[in-house]
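K.L.:
2 protein chains.
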Amino acid sequence: MRVSIIGLGLIGGSIALDLRRNGFASSILGVENNSEHEKIALERKIVDEVVSMEVAVNNSDIIILAVSADVTVKLLPQLLDKVNNQIVIDVCSIKRKVCDSVSAHPKRQNFVATHPMAGTENSGPKAVLEGLFENKVVVFVDKSKSGKMAVDTIAKMFKGLKMRIISMEVEEHDMHTAYVSHISHLSSMALALTVLEKEENKKNIFDLASGGFESTVRLAKSSSEMWTSIFINNSDNILVVLDEYIRQLSKFKISMEASDASKIESLINNSNKINKILK
Amino acid sequence: MRVSIIGLGLIGGSIALDLRRNGFASSILGVENNSEHEKIALERKIVDEVVSMEVAVNNSDIIILAVSADVTVKLLPQLLDKVNNQIVIDVCSIKRKVCDSVSAHPKRQNFVATHPMAGTENSGPKAVLEGLFENKVVVFVDKSKSGKMAVDTIAKMFKGLKMRIISMEVEEHDMHTAYVSHISHLSSMALALTVLEKEENKKNIFDLASGGFESTVRLAKSSSEMWTSIFINNSDNILVVLDEYIRQLSKFKISMEASDASKIESLINNSNKINKILK
């Protein structure tokens, strides 16, 4: 298959590495308007060539749109305008706005909305990793609106990355990712801001940051461009979860104010239940 | 040196392993009233023998009190009542209540208040790890209230564990640990509660929990006994930080409600600064 990847960041670049390695892609063209990213992608042989959008579209069987949600929503209809039989996929962690942007498009069947649930706190082509997707889940969203051939081809592609495929409707997907991914990022970013605000002596943060803090705050290193776009475009779901999160924090607050040890213990015991699910 | 360890959990047990390995301890006695923990500690040769408190005190040069803050506050004065020249240390992550409990004790100089900043989300003697303390920081608290010989001996012991020693006054310590450790645990526990509350379909949590969620929620696996004691005994400091944390979360909330992308981006960019400090 001839593959084009628009956006040579962590996700786009890592997909390219694995599709080349496993032989799925016979050629990989890249589209990238950040010249530094272009340079790194070529140096690391992430793509064969960096070309214009037109050249990419005309020389591909599959076009992977791997850019932020905002840019995805803008580019996706333009891409579908240009394709004949090519398949286009996106990889955003929010889906309603993306799917809405092409819901009435005559080429809607050529588009498969996917969300490979993998990543790190790093971004850009320097952060690409072989095997990033192995044993992770990819969500196919509103699969029934895509053509069967397109879905089958993309399923084969993700199975080649050793991913497990699940299906969801768009609203279900955006709500679930708000719960298990978007709120984690918010929680981590607010934690970083709290500590930075209060700890004027930066040396102390470093000295006292044992493993616990470092892992909890890791996601605060995430790309602001990508996450602004996610928070804006999934704000209604995220706001519901954020309210619940503040409510849970307030339970701890009220219990501490009342020195209510048994209530605190019961909150912690309940939170421990996450252990059984993740193990 | 003859060492006794009261409480054979993650911290006490891991100290024992390394003091034996590096030759600092010629003998290690354990005191443990959980019979299952006693059995594991003996099987794993964490201690030579499990004995009564009296036997431990009478056959030791150093007594390490490695129990929860509540139990530390109760046992520490009793221990100092019994010692002659023995040195007693605690390893709690809160210090005011601990230091207050012996501030007027005639043997105050025999006590060194220490906080080795290391740990995992696991607890008990099954969780012990060799090298847990390597390259980590240990805080000596209110060092001037301990005898010089006692401080020097305990400093030598922690250097043997390859720890870096820093000093703080008690109020400073309890405030800083609230910022960089206690709030991380709260944030993680509340996150677990949020997701458990909202995601009735447990399978979805597992399916959608990519690496981000798992690391952010890791601390929610922590021992409720230990953390209830910390939250109760450092509540005034933790409440200040928790208010700030909720304030930072509210900034995200307000910005999302207003669809204010530039405000969200600036919040995330600010949170990214944690990167420079931790790297």
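Residue numbers (this note's numbering), protein chains in the order written: chain A, 1 to 279; chain B, 1001 to 1279.
Ideal Cβ placement from N, Cα and C applies to all residues, glycine included.
In or out: A:Asn22 buried (at least 16 other Cβ within 10 Å) or exposed?
P.N.:
Flag for A:Asn22 reads exposed.
K.L.:
Would you kindly check if the distance between the Cβ of B:Ala1041 and the Cβ of B:Gly1007 is under 8 Å?
P.N.:
It is not a contact, given that the beta carbons lie outside the stated cut-off.
K.L.:
Does DSSP classify A:Ala56 as helix, strand or coil?
P.N.:
The answer is helix: DSSP assigns A:Ala56 an H, G or I state.
K.L.:
Count the C-beta pairs between the region 134–142 of chain A and the region 160–179 of chain A that are closer than 8 Å, then say yes if the count reaches three, no if not.
P.N.:
Yes, they touch.
K.L.:
How many Å lie between B:Glu1038 and A:Val180 at the Cα?
P.N.:
Roughly 39 Å separates the two Cα atoms.
K.L.:
For A:Arg218, which option in A:Phe24, A:Thr120, A:His105, A:Asp18 has the closest C-alpha, if you only look at C-alpha atoms?
P.N.:
Out of A:Phe24, A:Thr120, A:His105, A:Asp18, A:Thr120 has the C-alpha closest to the C-alpha of A:Arg218.
K.L.:
Threshold first: 4 residues or longer. Then list the alpha helix (DSSP H) segments lying entirely within the region 57–117 of chain A, N to C.
P.N.:
Qualifying alpha helix (DSSP H) stretches, in chain order: 69–82, 96–100.
K.L.:
Can you list the residues of chain A that B:Ile1268 reaches, using a CB-CB cut of under 7 Å?
P.N.:
By Cβ distance, chain A contributes Met189, Ser224, Trp227, Thr228.
K.L.:
By the three-class DSSP mapping on this structure, what secondary structure does A:Met256 have?
P.N.:
Three-state DSSP puts A:Met256 in a helix.
K.L.:
Note the first and the last residue of the continuous beta strand (DSSP E) segment covering B:Leu1196.
P.N.:
First-last for B:Leu1196: 1183–1198, but that is the alpha helix (DSSP H), not the beta strand (DSSP E).
K.L.:
So, does the region 94–105 of chain A touch the region 70–85 of chain A, judging by three or more C-beta pairs under 8 Å?
P.N.:
Because the criterion of three Cβ pairs below 8 Å is met, the region 94–105 of chain A and the region 70–85 of chain A touch.
K.L.:
If the cut is a Cβ gap below 7 Å, which residues of chain B does A:Ser271 touch?
P.N.:
Simply Met1189, Ala1192, Leu1193, Ala1220.
K.L.:
For a test of the three-state rule: what should DSSP assign to B:Glu1171, helix, strand or coil?
P.N.:
Correct three-state label for B:Glu1171: helix.
K.L.:
Are there three or more Cβ pairs, one per stretch, closer than 8 Å when the region 1249–1262 of chain B is compared with the region 226–240 of chain A?
P.N.:
Contact between the region 1249–1262 of chain B and the region 226–240 of chain A is present, because at least three Cβ pairs lie under 8 Å.
K.L.:
Inspect the beta-carbon positions of A:Ala66 and A:Ser4 and report whether they are closer than 8 Å.
P.N.:
Contact: no.
K.L.:
Could you tell me how far apart the beta carbons of B:Asn1059 and B:Ile1087 are, in whole angstroms, since I believe they sit closer than 8 Å?
P.N.:
The pair is not a contact, with the Cβ atoms about 14 Å apart (cut-off 8 Å).
K.L.:
Looking only at C-alpha atoms, which of B:Asn1084, B:Ala1220, B:Lys1159 sits nearest to B:Asn1135?
P.N.:
The shortest Cα separation from B:Asn1135 among B:Asn1084, B:Ala1220, B:Lys1159 belongs to B:Lys1159.
K.L.:
Do we get a CB-CB distance below 8 Å when we pair B:Gly1119 with the residues of chain A?
P.N.:
Yes, its Cβ sits closer than 8 Å to a Cβ of chain A.
K.L.:
Cβ atoms of A:Ile264 and B:Thr1228: under 8 Å apart, would you say?
P.N.:
Their beta carbons are under 8 Å apart, which means B:Thr1228 touches A:Ile264 by this criterion.
K.L.:
Chain B partners of A:Gln248, CB-CB under 7 Å?
P.N.:
What A:Gln248 touches in chain B: Ala1190, Leu1193, Thr1194.
K.L.:
Is there a C-beta anywhere in chain A that falls below 8 Å from the one on B:Val1180?
P.N.:
It does; some Cβ of chain A falls within 8 Å.
K.L.:
Could you say which of A:Leu29, A:Arg108, A:Asn33, A:Asn270 lies nearest to A:Glu49 if we only look at CA atoms?
P.N.:
Out of A:Leu29, A:Arg108, A:Asn33, A:Asn270, A:Leu29 has the C-alpha closest to the C-alpha of A:Glu49.
K.L.:
Determine the closest residue to A:Pro116 out of A:Ala155, A:Ser187, A:Asn275, with distance taken between C-alpha atoms.
P.N.:
When only C-alpha atoms are compared, the closest one is A:Ala155.
K.L.:
For A:Glu121, which three-state DSSP category applies?
P.N.:
Three-state DSSP puts A:Glu121 in coil, outside helix and strand.
K.L.:
Let me check one thing: in DSSP terms, what residues is B:Glu1049 bridge-paired to?
P.N.:
B:Glu1049 pairs with B:Leu1029.
K.L.:
For B:Gly1124, I'd like the list of residues in its chain whose CB is within less than 7 Å of its CB, leaving aside the five on either flank, ordered along the chain.
P.N.:
Within the same chain, B:Gly1124 has close Cβ partners Gly1009, Leu1010, His1037.
K.L.:
Using three-state DSSP, classify A:Val128 as helix, strand or coil.
P.N.:
Note: A:Val128 maps to coil in three-state DSSP.
K.L.:
In chain order, what residues of the same chain lie with their CB nearer than 7 Å to the CB of B:Met1001, ignoring the 5 residues before and after it?
P.N.:
Cβ within range, chain order: Phe1024, Ala1025, Ser1026, Asp1061, Ile1062.
K.L.:
What three-state label does DSSP hand B:Ser1004 in the structure shown?
P.N.:
The answer is strand: DSSP assigns B:Ser1004 an E or B state.
K.L.:
Starting from B:Phe1140, trace the beta strand (DSSP E) both ways and give me its first and last residue.
P.N.:
Counting along the chain, the beta strand (DSSP E) containing B:Phe1140 begins and ends at 1137–1141.
K.L.:
The alpha helix (DSSP H) with B:Gly1013 in it runs from where to where?
P.N.:
Where B:Gly1013 is concerned, the enclosing alpha helix (DSSP H) stretches over 1010–1021.
K.L.:
Is A:Arg44 helix, strand or coil when you go by DSSP?
P.N.:
The answer is coil: DSSP assigns A:Arg44 none of H, G, I, E or B.
K.L.:
Using a C-beta to C-beta distance shorter than 8 Å, which residues of chain B count as neighbours of A:Asn275?
P.N.:
Chain B residues near A:Asn275: Ala1220, Lys1221.
K.L.:
For A:Leu278, report the span of its alpha helix (DSSP H) as first-last.
P.N.:
Per DSSP, A:Leu278 belongs to the alpha helix (DSSP H) from 274–278.
K.L.:
For B:Val1138 versus B:Thr1177, is the C-beta distance shorter than 8 Å?
P.N.:
Cβ atoms of B:Val1138 and B:Thr1177: not closer than 8 Å.
K.L.:
I'd like to check one pair, B:Leu1019 with B:Ile1046: are the Cβ atoms closer than 8 Å?
P.N.:
In this structure, B:Leu1019 does not lie closer than 8 Å to B:Ile1046 by Cβ.
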